[in-house]
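**Q** Below you'll find the structure I mean.
There are 8 protein chains.
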Amino acid sequence: MDRERVRELLERLRSGEIEVGDALESLARLPFVDVPGARVDTHRALRAGLPEVVYAPGKTPEQVVEIVSALRGAGQDVLVTRVEPELAARVRERAPEADHDETARLLWFGPAEVAPVGKGSIAVVCAGTSDLPVAAEACGVARRFGNKVELLVDVGVAGLHRLLASSEVLRAARVLIVVAGMEGALPSVVGGLVDKPVIAVPTSVGYGAAFGGVAALLGMLTSCASNVTVVNIDNGFGAAYVATLINRL
Amino acid sequence: MDRERVRELLERLRSGEIEVGDALESLARLPFVDVPGARVDTHRALRAGLPEVVYAPGKTPEQVVEIVSALRGAGQDVLVTRVEPELAARVRERAPEADHDETARLLWFGPAEVAPVGKGSIAVVCAGTSDLPVAAEACGVARRFGNKVELLVDVGVAGLHRLLASSEVLRAARVLIVVAGMEGALPSVVGGLVDKPVIAVPTSVGYGAAFGGVAALLGMLTSCASNVTVVNIDNGFGAAYVATLINRL
Amino acid sequence: MDRERVRELLERLRSGEIEVGDALESLARLPFVDVPGARVDTHRALRAGLPEVVYAPGKTPEQVVEIVSALRGAGQDVLVTRVEPELAARVRERAPEADHDETARLLWFGPAEVAPVGKGSIAVVCAGTSDLPVAAEACGVARRFGNKVELLVDVGVAGLHRLLASSEVLRAARVLIVVAGMEGALPSVVGGLVDKPVIAVPTSVGYGAAFGGVAALLGMLTSCASNVTVVNIDNGFGAAYVATLINRL
Amino acid sequence: MDRERVRELLERLRSGEIEVGDALESLARLPFVDVPGARVDTHRALRAGLPEVVYAPGKTPEQVVEIVSALRGAGQDVLVTRVEPELAARVRERAPEADHDETARLLWFGPAEVAPVGKGSIAVVCAGTSDLPVAAEACGVARRFGNKVELLVDVGVAGLHRLLASSEVLRAARVLIVVAGMEGALPSVVGGLVDKPVIAVPTSVGYGAAFGGVAALLGMLTSCASNVTVVNIDNGFGAAYVATLINRL
Amino acid sequence: MDRERVRELLERLRSGEIEVGDALESLARLPFVDVPGARVDTHRALRAGLPEVVYAPGKTPEQVVEIVSALRGAGQDVLVTRVEPELAARVRERAPEADHDETARLLWFGPAEVAPVGKGSIAVVCAGTSDLPVAAEACGVARRFGNKVELLVDVGVAGLHRLLASSEVLRAARVLIVVAGMEGALPSVVGGLVDKPVIAVPTSVGYGAAFGGVAALLGMLTSCASNVTVVNIDNGFGAAYVATLINRL
Amino acid sequence: MDRERVRELLERLRSGEIEVGDALESLARLPFVDVPGARVDTHRALRAGLPEVVYAPGKTPEQVVEIVSALRGAGQDVLVTRVEPELAARVRERAPEADHDETARLLWFGPAEVAPVGKGSIAVVCAGTSDLPVAAEACGVARRFGNKVELLVDVGVAGLHRLLASSEVLRAARVLIVVAGMEGALPSVVGGLVDKPVIAVPTSVGYGAAFGGVAALLGMLTSCASNVTVVNIDNGFGAAYVATLINRL
Amino acid sequence: MDRERVRELLERLRSGEIEVGDALESLARLPFVDVPGARVDTHRALRAGLPEVVYAPGKTPEQVVEIVSALRGAGQDVLVTRVEPELAARVRERAPEADHDETARLLWFGPAEVAPVGKGSIAVVCAGTSDLPVAAEACGVARRFGNKVELLVDVGVAGLHRLLASSEVLRAARVLIVVAGMEGALPSVVGGLVDKPVIAVPTSVGYGAAFGGVAALLGMLTSCASNVTVVNIDNGFGAAYVATLINRL
Amino acid sequence: MDRERVRELLERLRSGEIEVGDALESLARLPFVDVPGARVDTHRALRAGLPEVVYAPGKTPEQVVEIVSALRGAGQDVLVTRVEPELAARVRERAPEADHDETARLLWFGPAEVAPVGKGSIAVVCAGTSDLPVAAEACGVARRFGNKVELLVDVGVAGLHRLLASSEVLRAARVLIVVAGMEGALPSVVGGLVDKPVIAVPTSVGYGAAFGGVAALLGMLTSCASNVTVVNIDNGFGAAYVATLINRL
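Heads up: the protein sequence lines correspond to chains A, B, C, D, E, F, G and H, in order.
Position in the first sequence (first residue = 1) + 34 = this note's numbering.
Position in the second sequence (first residue = 1) + 34 = this note's numbering.
Position in the third sequence (first residue = 1) + 34 = this note's numbering.
Position in the fourth sequence (first residue = 1) + 34 = this note's numbering.
Position in the fifth sequence (first residue = 1) + 34 = this note's numbering.
Position in the sixth sequence (first residue = 1) + 34 = this note's numbering.
Position in the seventh sequence (first residue = 1) + 34 = this note's numbering.
Position in the eighth sequence (first residue = 1) + 34 = this note's numbering.
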């Protein structure tokens, strides 16, 4: 589309409709006009057909409301991530239509049910109950991004029977997100059971030598399963984002 | 298929063809028979329709030749990775049909050209010439795994014009592999230019605070582009493996 | 000047105005007399023609007021850095003339507008809104130190178009300060667009593998752009200080 | 026993057989007499009924031969660990009776078969072929220390079926040693399959984020299986030593 | 037992009591049925004859009470670990029969005295008073798991005489748990005094270069005493769990 | 002395005053009798002629009062270190005679002035005002341990003239304690100015790459001045303890 | 200039000289044409008026010769950095006109003396003789980039008198490069003596806790002197590059 | 003395013997004249009455011989440290009078026996035979610096009886150097046995989690014995240097 807008500009110059100076100015600035009042980049959403995403930490409730309003005014669905309870309460005072998922720490401004656009389902596999907030973020984001999602909880590697009992769910997925803290071994095991891409999310769950997710992160990066890639510690959003892109291919 | 073999076993038990004790024994052992002489797992290849892969480090030339022979005897194509020149020379003395890609450190036993099975192309983007061995590994593996591959070299972030000049190649790819050492910033920039999954490969290129790839690894994990996932330092093979799985979806 | 004061001392000794013992004493102590009551070194300010700077953390409001009073009494402009809101409030109770910049965490005792002494302008480039406090500190300090400053916000590397749209601002600067957290890639990209010195400031913005600014720090130290030097994590003040020295050359 | 020797000493003093000065001297020195010529502590072997162990690194062939001779002269069996091929060759020139296990890097001076003293068997489980030298050290040491040993190789977590096929071997063991590099996930999986103590040995196998065994070490320390304890990276000897003590209980 | 259930299933299939489809289904799912309402794995307890253990962090008081009720309803003894005072108070409001050990941070639902099942005693050796909470956890768990326990406190390596005065207690134990922070040297010294397995628990006690237990952890992993294995920082529970398994052998 | 007590014991046995069994018992237990009620080791104080020291963190006010009472009852002077204001207030309610030094976080039970026992003076050199609490701890401890102490504050390496102005104080000291955070360069500079032992104390002062004192610690350990040894981060007490021992030689 | 080329293109389109399609194509590709045969970016040199720089590691002698020839053919001066002796010898066989500086590991293709373009002098200050190769690289590069350079060697902080004796050289410089390994304290001290920008270069000199330059790097980043910025470990080239840019302002 | 030289200079100026310009010049340069040809600082030796020390790494045999000659010509004794065998051989070709201690890696130019100047003896305590080179360096340096030295070898903490048997040697020392690798626990134990200053030297001995001496370093820094200070990993020289200064007090 950008290319088209440039072509159109050039045609207008050719036909004498506009002057060289104007064309030069437009060429320099064209694709970068911001939403007024919010300085939010709407290009990504336009390009990928996804809702806008606002990362909450470091923003005041006022700022969040303002940005959401600007984007809603522009007809966009909006997802706010990493929303602490206090922020959620204050935003909903002003914008009561917001859908709040506490465990996933998400605020959603959009249709209650998003029709699936992805071609298959995404399995979100969660090692322990403490990893649930990160897994819930992945699920919540993936659903709002138009994916069918299956969530498996409490299937850590020290109790293999549960995981194996769910192997059909695993094999049915088009792409998998595996969330684990502590030693982060679950992606290796899941990766060995399927022949689909596995996105591993280390969590900061654990104590001592878990070092806030470093043990899990290193374990996932050095996984002996070749179909595993890794995102940042606790980054359920990022995993869901990439899984969405893959599921739309 | 395994399920089918179990069903068949149960049918034979039901019909009295075999005894309970035998069935019990078979159920315990069934899907795990190894290739004789090599103890190589052929399940993955069977499952995913990919060539067998042998990781060379820590194996003697004799062992490599032996494993390759066993697999070739079983009708498999074989790819050997991380092959140092000396090992390559010694293997080719005995198996002169091997195709050796020095830069990529690959030995290939299979058809000269592998017909593309992947649905689109994979772009391999390489920050600098020092990162080339890792990028070449990614390319070489992806091609043998049946993908169309485009390689872009020397498009580091400190010289954006080159990268931008290639943006159509980037946008044409179905999945991208971005290889970079030092500060590892390239995946963030490429990730912002496309709306496809980007697999980032940090390399051990650099000195001092590069810490053998750690700086690049951390940079990629904390990328501000949401469509980036990461594999281990120098793991061109893993990136190509996952890209292949995605490209077949 | 010190040399001149020593010469003068020696002349007075030679002429018999003072005794050997006094000269000896003076030679030992001469250039090190402190401001009474505050033990603040005024040499730096005298030497470089800059306001005095007081680093607030670890000082009580009383101590800050006392030091400021001593320095103001000596005719100095004073800048207090890293001022938390509570400290600012308590200082302004007693010294209501103080100018407080909340975002930049600065208290300023001096003229509302400082006339530019620097020869060109300093561009402060800020990757994301979360990095703004550090960028604001750099701006606020640079302005009080007599520089013309241009601030660019929200021009992260995953959305190159915004940065490129501002390339004339970048090229117009005599020295640039680039502030970024997470993967810290912005200085490499900016460094490739200009041929002026770039001072990179990593911020502690980010989570997980950002490790409180370490990822950004390592990324900046290993930048593939040769015109980048680095200061400590979150050290907006230090960047502005060096940029000022450069801008006065 | 020491207590007995002290009692005997006191009795002799009481009866006037020896003088106070002599008793005082003996009390200070008694249990610490060294083997002449070798300064090797024989207490451990005497106490625990185990062969003497000599750690080779940092010792010359001459020193190894000398120490072995002294110990053999004292009637002890001797095990030398971490023996590089060159050292082995030079020691065997002078002491051809030594039994050399190349993979395990052990030299053994003692009976070809050591009768089992341990009450059950020790299972040594090895994730990949690259981990074999460490696993072989554990096996070799455990056998010379009088244990029945079962070795399972190539049962990594990304190919669970092999491991599960061997679950009876696992369950039959009285204590298990699990050796793994890279992400070090195997002890967690094995730990979940048995209710016996599992000693985890991280290996330095792997590259990049494996950090020479650190990833495996952290993974094992943070294992979600409660029956896992850990020894140092590559410390097959230590694992066998502790497993022996447990197997004799 | 599982094996028996499978045999029984096969017998019923053989006799025509059930159909192939049902048998297939049962074979896939059999050993993994969860306790209704609590999703808690009761296999471990059944297998090892131990109480169920609930790790409190990240669970609400309601969840803890619910899980405990489900397990108590199933006739299980239950131990809750890492219980903060506030949680303990709230749980005991609803379940006043709980036995609360504040120092050890344990809640116990079971008989006041658990009859010893372990064959010998476990010595818990604690370097300093600051390490006491971790040592108390180890003691409290070991006692509820049916072991006779001896606790030695304040026997750090810089005051050897106290430790040596207790050497009979050390030698009388069948297995030892040694808890230490700071430099973590105590396991090496204790390991040299006994010929039994020593489980070392580093604690997060200390400041500066103690790095939250890392100094102690590294010290224990590199111990020059061969009979030492290590668990995670502050993991008194894990040490007691393994010691229990060893003590039952 | 211990040797003498043993000799005396042996003499009494020889003379028949006591029995072998009693002697045996006494020999095992003799030098390790604790102060009743407090389990505090009084050996160190007796041996070195120093006050008892109680490290406050992790102790309740009640415990501190109890320990102090026991020691005071035994005629000992007592120093409590790392005392937070709240603890100090609560202890002084019950023991109003305690001397509280807030900056140094010390409580002192003993004479207002301790007569110097050390042979010379100890210079405590402090880089910046933020390092003052650690330096004050070193001073406060050294004075109560009977040393003459000189304190130099605010003599950081970026303003050498102040340090050089005090060089006579530095040269007059018998042993020096140098306290610095951030880059920790001061001990190197001081070490080059004197030929006496310098004890370097890194502090946790600083931010970003100071890493809580690690930068200073590494800088001090790698000092190019050969007369520098190092203690733990913020360990003003330890530095004063060693300086006292040296000053008494 | 680029802007001018675009304007010219637009004028030609306007006048009908070229077609819209061609203009579109040219707009996409224009400023990014590479030097034929060498793929070397000549933009930087053109922009900044500096010689081309080739980083040698990872290039074969043939590649170095080829790149140099291409650049020399284009009329450029060329500097090759990090040249090991063997590479230098092989390059000079083919290109004997190359000027080789062994200590600095530089090969230079250009005039023997480069006329100073920088406005003042650059002082390169080197802590110890072991840091000399890095300092020599900085000097050699700065001279070929057209700067007057003063080198001070062996002026470490533990022997302040030498540094102070050279203070006039320090004060005369327009910008300073300070090279130091071990504790890296020299930039702090130099920074306190001058009011010019100081570029600190940590070196990998040292052992133990120097950690290959990390101690020096952290020390420089946390310097208490505000006029210090830092480049990567051993990066003498980068320091000279930035110093050149500053010296030309 | 410097003060005296300045006074003398001032007297000569007062009396008209010299001019103001000369006095000024002399005041600036006076105490910093270097030894011609060698640029070696002789101040330290003059000040402290110690031999000159040359650190060999990074110097050619020619440089070492040249420096030694210059210093010998100036009447100084010289000690060269960290001398590898090849360097030693080449130096002794030209200077056969050098005394070479291979284990300690020292070359000595001075009297065969140095008369003790230190007031007491220094005990060097060495944990294991692998730590011997570092301990030997400490001994060799301390003896050439005029101290009486006692060496205890192989007294690691896992075999306490040997250490305790030597406790009189420990108690007789005026200052102790304790050398240990691996967990570095020995200084804590020795520190508890004596009331003299203990200088701890971590060594790089060990593997895996020893991390090249880091485990020992951290252990020593966090020692629970208050009389322990620490030097850099493997820094036997530094320990001996400080011990010498203490022993002369």
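Glycine included, each C-beta is placed from N, C-alpha and C at the ideal position.
These numbers were taken from a predicted model, which means no experiment stands behind them.
Within 7 angstroms (strictly less), CB to CB, does cysteine 258(G) reach chain F?
**A** Interface residue, yes.
**Q** Return the bridge partner residues of isoleucine 211(G) from the DSSP annotation.
**A** DSSP, once it has assigned bridges, lists Val158(G) and Ile233(G) as partnering isoleucine 211(G).
**Q** Please report the distance separating the alpha-carbon of arginine 63(G) from that of valine 191(B).
**A** Bear in mind that a pLDDT of 39 at arginine 63(G), under 50, signals an unreliable position, so the number given afterwards is only what the model happens to contain. Those two C-alpha atoms are separated by around 17 angstroms.
**Q** DSSP on threonine 115(D), reduced to helix/strand/coil?
**A** In this structure, threonine 115(D) counts as strand in the three-state DSSP scheme.
**Q** How is the beta strand (DSSP E) around phenylalanine 143(B) delimited, first residue to last?
**A** Taken as a continuous stretch (DSSP letters only), the beta strand (DSSP E) holding phenylalanine 143(B) covers 140-143.
**Q** Does DSSP put alanine 192(B) in a helix, a strand or coil?
**A** Helix, per DSSP.
**Q** Give me the Cα-Cα distance between serine 155(D) and alanine 277(D), rounded to the nearest whole angstrom.
**A** Looking at the two C-alpha atoms, the distance is approximately 10 angstroms.
**Q** In this structure, how does DSSP classify leucine 283(H) when only helix, strand and coil are distinguished?
**A** Coil.
**Q** Round the Cβ separation of leucine 255(E) and valine 228(E) to the nearest angstrom and send it over; I've been treating them as touching at under 8 angstroms.
**A** In fact, because the Cβ distance is near 19 angstroms, the residues do not count as touching under 8 angstroms.
**Q** Examine the ligand FMN and report whether any of its heavy atoms sits within less than 6 angstroms of the Cβ of valine 168(A).
**A** In the structure on display, the ligand FMN does not appear, and there are no ligands present to speak of.
**Q** If contact means a Cβ-Cβ distance below 7 angstroms, which residues of the region 200-214 of chain D contact chain B?
**A** Going along the region 200-214 of chain D in chain order, one finds no residue with a Cβ nearer than 7 angstroms to chain B.
**Q** Is it right to say arginine 205(H) is buried, meaning 16 or more other beta carbons lie within 10 angstroms of its own, or is it exposed?
**A** Answer is exposed; the Cβ neighbour count stays below 16.
**Q** Since alanine 219(B) and alanine 219(C) should fall inside the 8 angstroms C-beta cutoff, what is the C-beta to C-beta distance between them, to a whole number of angstroms?
**A** Correct: roughly 3 angstroms between the Cβ atoms.
**Q** Among the candidates Arg139(E), Leu198(E) and Val187(E), whose CA atom is the shortest distance from the CA of asparagine 269(E)?
**A** With distances taken between Cα atoms, asparagine 269(E) lies closest to Arg139(E).
**Q** Starting from glutamate 184(B), trace the beta strand (DSSP E) in both directions and tell me its first and last residue.
**A** Taken as a continuous stretch (DSSP letters only), the beta strand (DSSP E) holding glutamate 184(B) covers 182-187.
**Q** Could you work out which residue in Lys182(H), Val151(H) and Ala157(H) is closest to leucine 197(H) when comparing CA atoms only?
**A** Measuring from the Cα of leucine 197(H), the nearest candidate turns out to be Ala157(H).
**Q** Could you check the C-alpha separation between glutamate 184(H) and alanine 234(F) for me, to the nearest Å?
**A** Looking at the two C-alpha atoms, the distance is approximately 27 angstroms.
**Q** Taking buried to mean at least 16 other C-beta atoms within 10 Å of its own C-beta, is proline 91(D) buried or exposed?
**A** By the 10 Å Cβ count, proline 91(D) comes out exposed.
**Q** Would you verify that the beta carbon of threonine 263(D) is, or is not, closer than 7 angstroms to some beta carbon of chain E?
**A** Threonine 263(D) counts as touching chain E.
**Q** Evaluate contact between the region 160-169 of chain G and the region 112-127 of chain G, counting only Cβ atoms and requiring at least three cross-stretch pairs below 8 angstroms.
**A** With the cut-off at 8 angstroms, the region 160-169 of chain G and the region 112-127 of chain G do not touch.
**Q** What is the DSSP secondary structure of valine 67(H), reduced to helix, strand or coil?
**A** Because the pLDDT of valine 67(H) is 30, which lies under 50, any placement of that residue in the model is unreliable, and the number read from its coordinates should be weighed accordingly. Three-state DSSP puts valine 67(H) in coil, outside helix and strand.
**Q** For isoleucine 233(E), which residues in chain D fall below 8 angstroms Cβ to Cβ?
**A** The contacting residues are Thr263.
**Q** Could you confirm whether any beta carbon from chain E is found closer than 7 angstroms to the beta carbon of alanine 243(A)?
**A** Closer than 7 angstroms: yes.
**Q** Residues of the region 157-184 of chain H with a CB closer than 8 angstroms to any CB of chain E: list them in chain order, please.
**A** Listed by position along the chain: Ala161 and Gly162.
**Q** Could you give the first and the last residue of the continuous beta strand (DSSP E) run that contains leucine 264(D)?
**A** First, the amino acid is wrong: residue 264(D) is valine here, not leucine. That run of the beta strand (DSSP E) goes 262-264.
**Q** Report the option in Val151(E), Ser222(E) and His195(E) whose CA atom is closest to the CA atom of leucine 283(E).
**A** Cα-wise, what sits closest to leucine 283(E) is Val151(E).
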